[in-house]
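Since the structure comes first, as structure tokens, the remarks are kept for the end.
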Amino acid sequence: MTCNYDEKKGMCIDGNFHLVHPYTCEPWTAQSVASFVKEYASQQEVVLKERVESEKCRLVELVKQRTFQKLTSEYWRVERAQEHLMMAELGQDKSVIEKARSQLNSVLTKRQAWREASDIAEVALQSTNTLESLENFSFDLD
Numbered sequence: 003m004t005c006n007y008d009e010k011k012g013m014c015i016d017g018n019f020h021l022v023h024p025y026t027c028e029p030w031t032a033q034s035v036a037s038f039v040k041e042y043a044s045q046q047e048v049v050l051k052e053r054v055e056s057e058k059c060r061l062v063e064l065v066k067q068r069t070f071q072k073l074t075s076e077y078w079r080v081e082r083a084q085e086h087l088m089m090a091e092l093g094q095d096k097s098v099i100e101k102a103r104s105q106l107n108s109v110l111t112k113r114q115a116w117r118e119a120s121d122i123a124e125v126a127l128q129s130t131n132t133l134e135s136l137e138n139f140s141f142d143l144d
């Protein structure tokens with residue numbers, strides 16, 4: 003969005019020319035041009051901040067959603083490791099029990115790493131203040 007003044011065409015606001023002030027309907031003066039341009043710039047800053055915050059919220063939600071989907075879709079691995087541990091405990095073979103515990107621990111560690119990656123991504127998003135960096139943001143748990 004742009005705003006600039008031309009002596010012959012008037013004020014160009016977002017591609018539309020206005021021969022008179024759009025709010026007061028009075029001819030443009032040096033003071034009204036300066037005032038309008040300043041007000042327009044501050045409005046654009048507010049709009050940009052709102053867009054950045056909106057994009058942050060959308061991306062944080064996307065990170066949470068992908069993490070939830072990954073944890074949910076991979077839960078069968080936890081169940082399988084727990085079943086192996088229960089079967090090993092029933093067999094009372096210490097080496098098999100230790101191996102089953104190790105496998106369960108490995109699965110749970112991987113799940114925790116996904117959660118931590120999600121947390122890190124959310125913190126990174128919250129510290130980002132530009133649309134360009136938000137547009138370049140990517141998140142993958144694989």
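Per my numbering, the sequence shown starts with residue 3, numbered consecutively.
Cβ coordinates follow ideal geometry from the N, Cα and C atoms, glycine included.
Note that the structure is predicted; figures quoted are calculated from it, not measured.
Beta-ladder partner(s) of Asp-142, from DSSP = Under DSSP, Asp-142 takes part in no beta bridge, so it has no partner.
Pair within 8 angstroms by beta-carbon distance, Leu-143 and Ala-126 = With contacts defined as CB atoms closer than 8 angstroms, Leu-143 and Ala-126 fail to qualify as a contacting pair.
State the Cα-Cα distance for the pair Arg-53 and Asp-121, rounded to the nearest angstrom.
-> Arg-53 and Asp-121 have their alpha carbons spaced roughly 22 angstroms apart.
Cutoff 7 angstroms; reference Lys-40; Cβ partners in own chain excluding five residues on either side | A distance below 7 angstroms between beta-carbons, with the five flanking residues on each side excluded, links Lys-40 to no residue of its chain.
Simplified DSSP assignment, three categories, for Met-88 | Reduced to three states, the DSSP call for Met-88 is helix.
Between the beta-carbon of Arg-113 and the beta-carbon of Leu-73, is there less than 8 angstroms?
-> Taking 8 angstroms as the cut-off, the beta carbon of Arg-113 is found closer than this to the beta carbon of Leu-73.
Looking only at DSSP bridge pairs, what is His-20 linked to?
-> Bridge partners of His-20: Met-13.
Work out the CA separation of Tyr-25 and Ala-123 for me, nearest whole Å.
-> Distance between the alpha carbons of Ala-123 and Tyr-25 is about 44 angstroms.
So does the stretch 73-84 actually touch the stretch 99-117, counting three or more Cβ pairs closer than 8 angstroms?
-> Touching, yes, given that three or more Cβ pairs across the two stretches are closer than 8 angstroms.
Give me the Cα-Cα distance between Gln-128 and Leu-110, rounded to the nearest whole angstrom.
-> Whole-angstrom Cα-Cα distance: 27 angstroms.
N- and C-terminal bounds of the beta strand (DSSP E) containing Cys-59 | Following the DSSP letters along the chain, one finds Cys-59 in no beta strand (DSSP E) but inside the alpha helix (DSSP H) bounded by residues 32-75.
Distance between Thr-132 and Glu-63 (C-alpha atoms, nearest Å) = The alpha-carbon atoms of Glu-63 and Thr-132 are separated by roughly 18 angstroms.
Apply the 10 Å Cβ neighbour rule to Ala-36 and answer buried if 16 or more other Cβ atoms are within range, or exposed otherwise.
-> Around the beta-carbon of Ala-36, fewer than 16 other beta-carbon atoms lie within 10 Å, marking it exposed.
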